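Undergrad: Residue numbers (numbering that gives the first Met the number 0): 0 to 581.
The structure follows.
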Amino acid sequence: MTTTLDSLQQWVNEVAELTDPAAIHWCDGSDAEYQDLVKQMLADGTLSALNDENYPNCYLHLSDPNDVARVEHLTFVCTSDEDDAGPNNNWMAPAEAHEKVDALFEGAMQGRTMYVIPYCMGPIDSPFSRCGVEISDSPYVVVNMKLMTRMGTAALARIEGEGDFVKGLHSTGDLSPDRRMIMHFPEELSIKSIGSGYGGNALLGKKCHALRIASYQARQEGWLAEHMLIVGIENPEGETHYIACALPSACGKTNLAMLIPPDSHADWKIWTLGDDIAWLHLDDEGQLRAINPESGYFGVVPGTNSKTNKNAFDMIKHDAIYTNVGRTSNNEPWWEDKKVGEPAFDWQGRDYDASNGPAAHPNSRFTVAASNNPSYSSLAEAPEGVPISAIVFGGRRKELAPLVYQSKDWKHGVLVGAGVASETTAANVGEVGVVRRDPMAMKPFCGYNFADYWAHWLSFDERSDKLPKIFHINWFRQDKEGKFLWPGFGENLRVLRWIIERCEGRVDAIETAIGYLPKSGDIDTTQLDISDETMQALTSIDKAQWLEEMDAIGEYLDSYGDRLPAALKAEQQKVVDQLNQA
Ligand code: GTP
Ligand code: SPV
Ligand code: MN
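The structure is reproduced here in structure tokens:
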């Protein structure tokens with residue numbers, strides 16, 4: 000297989016010239032190709048097979064212990080003008096970046112096969128989808144891209160018809176962190192990533208294309224590319240509302256996207272559209288609609304069990320790739336909080352020894368096709384996307400942020416999103432549990448200056464009078480002993496209900512300086528073992544703490560200088576004034 004598209008053929012030739020592979024393979028995305036690559040990786044030890052009886056077609060991959068998460072400090076946005084990348088990104092001049100990274104690519108594929116991977120982000124027939132081609136020397140990347148995207152012949156046909164596509168060049172290189180770089184060239188619609196075989200560093204359709212490059216394109220073209228799950232909530236009357244939620248990495252998107260209603264809500268249904276990325280656009284009527292550009296999940300494994308998320312637990316029992324989990328003596332995958340079985344080996348393949356730390360790496364992941372998900376919505380294939388009733392921002396905050404609140408209007412909602420802060424997690428290398436600003440959960444993923452991004456968000460207010468309502472959630476409030484105040488997981492449906500009732504204007508709320516809070520009793524706690532005092536703590540605000548928070552948000556916004564939209568600063572000042580008056 001080759002291509003009729005000259006620009007693609009020419010790029011493939013140039014890359015082959017630079018990287019000097021032993022062979023070139025054009026991926027067709029077929030099941031046979033997937034099986035062949037699995038066989039080859041089982042033979043060379045890249046994958047090992049898991050217990051075939053209980054985990055059919057499941058495989059384990061152990062990555063280099065130096066290569067287990069995103070690397071924000073090695074990730075760059077290379078625009079011609081440094082200010083276009085903004086203080087939220089590492090920047091390098093494009094010419095210098097190309098020179099540095101190309102030097103690492105020289106001869107990098109010697110003795111390896113170079114895979115040409117055409118993919119489509121979004122339904123093949125959707126006008127909102129965008130295509131790319133990843134060139135990689137990793138067969139592990141190919142099989143992951145097959146599960147995560149529409150990859151192969153159909154994508155190539157669309158690319159050949161359209162003529163343009165995002166170019167993503169990837170090599171695992173020598174996996175040395177000193178020779179690792181994840182470079183984005185939004186003006187050229189291209190990506191060059193070397194030195195990592197892990198997750199978002201290597202599966203270039205995901206964070207590199209569908210967020211960093213796409214967010215840049217989305218601003219030029221008038222849409223939004225966001226780090227959001229998309230979920231449908233069907234009430235007992237059979238009406239479904241779709242909401243899009245932005246939560247930072249490892250803060251509960253996958254869980255919320257495939258929530259299982261608790262027994263108290265047995266007549267409710269949840270439909271998963273996506274668990275990580277949403278592309279949002281206004282339709283002709285001014286309704287915001289969303290598609291999920293992905294077709295699979297790359298989800299956090301630890302913590303997944305039949306109580307926290309039975310859908311996910313069942314979904315990863317077949318046709319799944321595990322990365323960096325432990326194993327039982329019975330060759331089943333094992334992770335912390337699995338609640339069944341015992342670890343015999345850890346994520347580095349060593350005999351399990353508690354003194355070496357957890358059996359599964361805290362950022363260990365599963366890869367599965369979305370069609371494995373028992374709550375998968377067939378509307379994930381709808382070319383026009385689904386209508387969004389509410390946008391929800393959130394983070395992981397021990398203190399301060401209430402369980403849920405609603406912004407006063409769109410502009411204030413943009414401030415709520417811009418002010419998001421969250422405790423860091425194992426999804427990025429570096430310290431865990433430190434509160435940092437993560438606006439719209441996009442700190443690691445926005446491909447341009449946040450000041451321009453907020454202006455773009457604000458601009459939607461002039462384009463439609465039917466915009467979704469904006470909310471903020473926090474499942475992670477703790478008491479003095481470090482115990483979570485809110486039961487979370489399936490019980491989060493109770494909060495989603497309040498959100499939907501607010502969208503429909505069916506429930507009142509308490510107006511405060513930071514937004515609308517639920518009235519006592521309006522979040523249904525039937526059959527829930529939670530005290531009134533706890534609910535009170537979860538749904539009220541501390542004025543002094545919030546004044547401090549709003550000051551910190553103001554300072555953060557100011558760090559964006561002249562480019563910061565004045566309207567956003569005015570929103571922040573309004574909240575400060577109202578807090579002072581209260
Ligand atoms: P990325 O894939 O990194 O973007 O993360 P994600 O936002 O999809 O995170 P995920 O749903 O995989 O959740 C990660 C962690 O949060 C797991 O350890 C979960 O057990 C935990 N978690 C999810 N929902 C809740 C909740 O409602 N309450 C509590 N306490 N923990 C939760
Ligand atoms: C995240 O960290 O938000 C992820 C995993 O979804 S990765 O694709 O590796 O960035
Ligand atoms: Mn993510």
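Beta carbons: idealized from backbone N, C-alpha and C, even for Gly.
Everything numeric in this text was worked out from a predicted model, so none of it was measured.
Going by beta carbon distance, what residues of the same chain come within less than 6 Å of K397, once the five residues before and after it are set aside?
TA: Contacts found: Q477.
Undergrad: What are the boundary residues of the alpha helix (DSSP H) that includes G160?
TA: Its alpha helix (DSSP H) spans residues T152 to E161.
Undergrad: Hey, how far is the Cα of M182 from the Cα of F297?
TA: C-alpha separation (whole angstroms): 21 Å.
Undergrad: Following the continuous alpha helix (DSSP H) through C502, name the residue where it begins and the one where it ends.
TA: Unbroken alpha helix (DSSP H) run through C502: L492 to C502.
Undergrad: On a CA-only basis, which of P55, G121, D43 and R505 is nearest A381? Give me that one, please.
TA: That would be G121, whose Cα lies nearest to the Cα of A381.
Undergrad: Tell me which same chain residues have a C-beta within less than 6 Å of the C-beta of R218, skipping the five on either side of it?
TA: Correct list, in chain order: H455.
Undergrad: Tell me where the alpha helix (DSSP H) around H455 begins and ends.
TA: From DSSP, the alpha helix (DSSP H) with H455 extends over F449 to R462.
Undergrad: Cutting at 7 Å between CB atoms, please list the residues of its own chain near D357, excluding the five before and the five after it.
TA: The question names Asp, yet the displayed sequence has Pro at residue 357. Answer for P357: E335, listed in chain order.
Undergrad: Here's the rule: buried if 16 or more other CB atoms are within 10 angstroms of the residue's CB, otherwise exposed. What is H411?
TA: Under this definition H411 is a buried residue.
Undergrad: With DSSP run on the structure shown, which of helix, strand or coil describes H360?
TA: It is coil, neither helix nor strand.
Undergrad: Inspect the CB distances between the region 312-319 and the region 52-62 and report whether three or more fall short of 8 Å.
TA: Yes, since at least three Cβ pairs between the region 312-319 and the region 52-62 fall closer than 8 Å, the two stretches touch.
Undergrad: Restricting to Cα atoms, I'd like to know which of G416, D136 and H208 is closest to L246.
TA: Answer by Cα proximity: G416.
Undergrad: In the DSSP assignment, find the unbroken alpha helix (DSSP H) run with P138 in it and report its ends.
TA: Here the alpha helix (DSSP H) through P138 covers P138 to M147.
Undergrad: Following a CB-centred definition, is R435 positioned closer than 7 Å to any heavy atom of the ligand SPV?
TA: Answer for R435: no, Cβ out of range of the ligand SPV.
Undergrad: When we look at the beta-carbon of E293 and count the other beta-carbons within 10 Å, is it buried (16 or more) or exposed?
TA: Buried.
Undergrad: Among E570, K337, Y58 and Q535, which has the Cα closest to the Cα of K306?
TA: Cα-wise, what sits closest to K306 is K337.
Undergrad: Taking only heavy atoms of the ligand MN into account, decide whether any of them is closer than 7 Å to the Cβ of S248.
TA: Yes, Cβ of S248 sits closer than 7 Å to a heavy atom of the ligand MN.
Undergrad: Could you check the C-alpha separation between G393 and I472 for me, to the nearest Å?
TA: Their Cα atoms are separated by approximately 5 Å.
Undergrad: With respect to the alpha helix (DSSP H) encompassing L272, which residues constitute its N-terminal and C-terminal limits?
TA: Unbroken run through L272 is the beta strand (DSSP E), K268 to G273; no alpha helix (DSSP H).
Undergrad: With 16 as the cutoff for other CB atoms within 10 Å, does R364 come out buried or exposed?
TA: With 16 or more other Cβ atoms within 10 Å, it is buried.
Undergrad: Identify the continuous alpha helix (DSSP H) that holds V419 and give its terminal residues.
TA: No alpha helix (DSSP H) contains V419, which DSSP labels as neither H nor E.
Undergrad: Put K542 into one of helix, strand or coil per three-state DSSP.
TA: Helix.
Undergrad: S377: buried (16+ other C-beta within 10 angstroms of its C-beta) or exposed?
TA: It is exposed - the Cβ of S377 has fewer than 16 other Cβ atoms within 10 Å.
Undergrad: Consult DSSP for A400 and reduce its assignment to one of helix, strand or coil.
TA: Residue state, collapsed to three classes: coil.
Undergrad: Between which two residues does the alpha helix (DSSP H) carrying H568 extend?
TA: The amino acid occupying residue 568 in the given sequence is Lys; His does not appear at that position. Its alpha helix (DSSP H) spans residues A565 to Q580.
Undergrad: Is any non-hydrogen atom of the ligand GTP found closer than 7 Å to the C-beta of G298, if you look at the structure I gave you?
TA: Within the cutoff, so yes.
Undergrad: Could you check if N371 is buried or exposed, using at least 16 other CB atoms within 10 Å of its CB as the buried criterion?
TA: By the 10 Å Cβ count, N371 comes out buried.
Undergrad: CB-CB under 6 Å to T303, same chain, minus the five flanking residues each way: which ones, in chain order?
TA: Closer than 6 Å at the Cβ level, and outside the excluded window around T303, lie A311 and F312.
Undergrad: By alpha-carbon positions, which one of R496, I212 and N50 ends up nearest to N448?
TA: Residue I212 is the option with its Cα nearest to N448.
Undergrad: For the ligand MN, is there any heavy atom lying closer than 7 Å to the beta carbon of D275?
TA: Checking the Cβ of D275 against the ligand MN gives yes.
Undergrad: From F127, D275, N200 and E233, pick the residue whose C-alpha is nearest to that of M227; which is it?
TA: Comparing Cα-Cα distances from M227 to each of F127, D275, N200 and E233, the minimum goes to D275.
Undergrad: Go ahead and label N579 buried or exposed: buried means 16 or more other beta carbons lie within 10 angstroms of its beta carbon, across all protein chains shown.
TA: The residue is exposed, with fewer than 16 neighbouring Cβ atoms inside 10 Å.
Undergrad: If you compare alpha carbons, which of L258, S189 and Y197 is closest to L492?
TA: Looking at the Cα atoms, L258 is the closest of the given residues.
Undergrad: Given the structure, does R179 come close to the ligand SPV, in the sense that its CB is under 7 Å from one of the ligand's heavy atoms?
TA: R179: no, Cβ never under 7 Å from the ligand SPV.
Undergrad: With three or more beta-carbon pairs closer than 8 Å as the criterion, would you say the region 161-178 touches the region 83-96?
TA: Cβ pair count under 8 Å is below three, so no.
Undergrad: If we ignore side chains and look at the alpha-carbon of each, how far apart do E422 and S79 end up?
TA: C-alpha separation (whole angstroms): 33 Å.
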